[in-house]
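Residue numbers (this note's numbering), protein chains in the order written: chain A, 1 to 209; chain B, 1 to 210. A short write-up of the structure that comes next.
The structure is reproduced here in structure tokens:
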């Protein structure tokens, strides 16, 4: 019943959707904010993208990220090197901030996606699906791999005059991972999963009654 | 037709439509589908948004005055604030880089703070003007909010790369810490704001006129 009605998060307009099952992006008639996206094949694609991202995440963290050569001496950085140096310098706030936003939260989100959508792919709705979806949504703005990418580019531009910068395997994996995660995020539609969670809850309630 | 007129709202997490009891009871309402807290408008939205916003303005001062990073060479230590970094690139003629850094580290944070002040003041004054445009501004602040972190990552990457065991080193400055706090506070501020408030008085006024 409620599936055919939507309330806009941005302007509170109540709108009726006459074709809820048709693929596409649904927008608020008043303020044109996105209501939801319906794309078939979402579960398979998100599962596949996030499995790939998980693999690339491991590659990005294991192999060398960037090397910097100036006048005979060189320094090498891994993905997490900055966190160690910042921590050593006593800048625990920055070290913690970077650790959370570029490693802990992104990895946690990728794992949650893999578990939740892997289960859905195998036609099983996990017991803690509600909590998983809530975490995925709440952590979305705090995973900042794409911002880190821009930061790395700016640093490269800043340093390129001083010496030679050699990109490592990890940098390529990192770039690919960002593209894949962006593709996954663009088709992510929690609406379909919430609907299934709602159906299950209704069934459980009816069984109890 | 708006949700508030029908006593309906949507769950902020799972978007399910929930009926809010007519009597304004103090009892908290929970979503029947995902058990999140449900409300017609975010509770204490304006106060929370102001609080985080003021905190970000306070942190913005040391973020700009204290050095973002220190370049340590055998010739001595040179400290760079955000502005001196931009000026360095202007002087050396790298205008594009200067522009990128200026936009990300100076223009965007000020823009975010200005937009949030404008939204808060206009909602508090129940202004009926430019509702659609104000909603767009809100969406813009939500999107650009996290991109200010770019500065913190630049400092991190520079510290990691320029590390030649005592000869030449870049060490982080206190300014970067405050800048991180500015970004977090403006993000929390934007999250606390309820865009539905922008449209609220509009309906009440047009009903009163009829």
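We put the CB at the ideal spot given by N, CA and C, even for glycine.
Practice task
Please specify which runs of the beta strand (DSSP E), each continuous and at least 3 residues long, are wholly inside the stretch 72 to 140 of chain B, giving them in chain order.
Solution key: 76 to 80
Exercise for the section: Return the residue from the list A:64, A:15, A:136 that minimises the CA-CA distance to residue 110 of chain A. Expected result: A:136
Problem - Chain-ordered chain A contacts of residue 9 of chain B [CB-CB under 9 Å] - result: 7, 12
Exercise for the section: Determine contact between the stretch 169 to 184 of chain A and the stretch 53 to 60 of chain A, defined as no fewer than three beta-carbon pairs at a distance below 8 Å. Expected result: yes
Handout entry: residue 49 of chain B - containing alpha helix (DSSP H), residue span
Key = 45 to 65
Exercise for the section: Could you tell me whether the stretch 142 to 158 of chain A touches the stretch 145 to 161 of chain B, using the rule of 3 or more Cβ pairs below 8 Å? Expected result: Cβ pair count under 8 Å is three or more, so yes.
Problem - Positions along the stretch 177 to 193 of chain B whose CB lies within less than 7 Å of some CB in chain A - result: 177, 180, 187
Exercise for the section: Under 8 Å between beta-carbons, which chain B residues line up against residue 158 of chain A? List them in chain order, please. Expected result: 97, 154, 158
Exercise for the section: Quick one: residues in its chain with C-beta nearer than 6 Å to the C-beta of residue 169 of chain A, no 5 flanking neighbours on either side, listed in chain order? Expected result: Setting aside the 5 residues that flank it on each side, residue 169 of chain A is surrounded in the same chain by 63, each with a C-beta closer than 6 Å to its C-beta; the list follows chain order.
Practice task
Spell out whether any CB of chain A is found under 8 Å from the CB atom of residue 17 of chain B.
Solution key: Yes, its Cβ sits closer than 8 Å to a Cβ of chain A.
Handout entry: For residue 172 of chain B: DSSP bridge partner residues
Key = B:69
Exercise for the section: Consider the Cβ of residue 172 of chain A: report whether some Cβ of chain B lies at a distance smaller than 8 Å. Expected result: no
Handout entry: chain A residues whose Cβ lies nearer than 7 Å to that of residue 172 of chain B
Key = 86, 89, 91, 94
Exercise for the section: Determine the closest residue to residue 91 of chain A out of B:20, B:183, B:177, with distance taken between C-alpha atoms. Expected result: B:177
Handout entry: is_contact[residue 100 of chain B, chain A] using C-beta, thresh 8 Å
Key = yes
Exercise for the section: Identify which residue in B:143, B:79, B:67 has its Cα closest to the Cα of residue 108 of chain B. Expected result: Cα-wise, what sits closest to residue 108 of chain B is B:143.
Practice task
Show which residues of chain A have a CB atom less than 9 Å away from the CB atom of residue 123 of chain B.
Solution key: Neighbours of residue 123 of chain B on chain A: none; closest Cβ ~13 Å, over 9 Å.
Practice task
Taking residue 111 of chain B as the reference, give the member of B:46, B:190, B:159, B:66 with the closest Cα.
Solution key: B:190
Handout entry: Sub-8 Å separation of residue 143 of chain A and residue 68 of chain A beta-carbons
Key = no
Practice task
Compare the C-alpha of residue 34 of chain B against each of A:206, A:161, A:133 and name the closest.
Solution key: A:133
Problem - Integer Cβ distance of residue 69 of chain B from residue 170 of chain B, believed to fall under 8 Å - result: 5 Å
Handout entry: Assigned exposure category for residue 75 of chain A - 16 Cβ within 10 Å defines buried
Key = buried
Handout entry: Own chain, CB closer than 8 Å to residue 150 of chain B, minus 5 neighbours either side, in chain order
Key = Once the five neighbours on either side are set aside, the close Cβ partners of residue 150 of chain B are 104, 105.
Exercise for the section: For the beta strand (DSSP E) containing residue 164 of chain A, list its first residue and its last residue. Expected result: From DSSP, the beta strand (DSSP E) with residue 164 of chain A extends over 164 to 167.
Exercise for the section: Inspect the beta-carbon positions of residue 130 of chain A and residue 197 of chain A and report whether they are closer than 8 Å. Expected result: yes
Practice task
Please confirm if residue 144 of chain A has its CB atom under 8 Å from at least one CB of chain B.
Solution key: It does: the Cβ of residue 144 of chain A has a partner Cβ on chain B nearer than 8 Å.
Exercise for the section: Would you mind stating whether residue 17 of chain B and residue 7 of chain A have Cβ atoms separated by less than 8 Å? Expected result: yes
Problem - Presumed contact (8 Å Cβ cut-off) between residue 77 of chain A and residue 160 of chain B, rounded CB distance - result: Residue 77 of chain A to residue 160 of chain B, Cβ: 4 Å. Contact.
Practice task
Counting only the same chain and skipping the five closest in sequence on each side, list residues whose C-beta sits under 7 Å from that of residue 23 of chain A.
Solution key: 38, 39, 40
Problem - For residue 180 of chain B and residue 184 of chain A, the rounded distance between their alpha carbons - result: 28 Å
Exercise for the section: Identify every residue that forms a DSSP beta bridge with residue 74 of chain A. Expected result: A:69
Exercise for the section: Spell out the partners DSSP gives residue 25 of chain A in its beta bridges. Expected result: A:37
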